[in-house]
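**Q** Here it is, the structure in full.
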Amino acid sequence: MNEPDDLSIETRQKADEIFSSPAKPLVAGQTYASPVRLVQGYTAVAFLIVSDQAFQFRVEEAINPDGPWTSTFSGSSSVDMVSGAQKIAERIFPSGPYMRIFVDNLAGDETFLYLSGIGIPVAGSTASSST
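1 is the number of the first residue of the sequence shown in my numbering; add one for each residue after it.
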């Protein structure tokens, strides 16, 4: 019995940058909202965010690109004792096919963010055929 094609999930075979830094700095109290990204087929999305100001990082996921959205992660930056920068590093395991993120500048000053969200492929997935 063959399953319909629309029920199959394509697995990713390489790491891809899915999320990246905003083009403009965040003013005090401003929130960066990413575009909606398709994360289906990745086993995880690894985030690294670095700033010179304190920030909060939030992840929302959905089954449809238009929502409804569910909050699946929220965390605050912490000070790196060596550099003095605010950082957060998290690996998020997708629970829905679509993801968007928010970064809130919690400080009283403008800040630039370094933001990287890399889609991690499913380990050991290979295509095979039987004859």
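Note that the Cβ used here is the ideal one computed from N, Cα and C, for glycine as well. Bear in mind that the values here come from a model prediction, so they are computed numbers and not experimental data.
Nearest by alpha-carbon distance to I49: which of F93, Q86, P121 is it?
**A** Here the closest residue by C-alpha is Q86.
**Q** Identify, in the order they occur along the chain, each residue of the same chain with its Cβ nearer than 8 Å to the Cβ of F19, setting aside the five sequence neighbours on each side.
**A** Contacts found: S34, R37, V45, F47, I101, L115, S116, G117.
**Q** Kindly provide the ranges of any beta strand (DSSP E) runs that are 3 or more residues long and lie completely inside the segment 55-118, ordered along the chain.
**A** Runs found: 55-62, 70-76, 86-92, 98-105.
**Q** For E60 and W69, I'd like the C-alpha separation in whole angstroms.
**A** Taking the straight line from one Cα to the other gives about 6 Å.
**Q** Sorted by chain position, which residues of the same chain lie with C-beta nearer than 6 Å to F190's C-beta, five sequence neighbours on each side aside?
**A** Any question about residue 190 goes unanswered here, given that the chain covers just 1 to 131.
**Q** Starting from D16, follow its DSSP beta bridges and name the residues at the other end.
**A** According to DSSP, D16 bridges with G119.
**Q** Taking the straight line between their C-alpha atoms, what separation do you get for P25 and T31?
**A** Going from the Cα of P25 to the Cα of T31 covers about 10 Å.
**Q** Within the same chain, show all residues whose beta-carbon is closer than 7 Å to that of T111, passing over the 5 residues directly before and after it, in chain order.
**A** Excluding positions up to five away in sequence, the list reads P25, L26, S51, D52, Q53, N105.
**Q** Measuring CB to CB, does V103 end up less than 8 Å from F73?
**A** Against a cut-off of 8 Å, the Cβ pair of F73 and V103 comes out as no contact.
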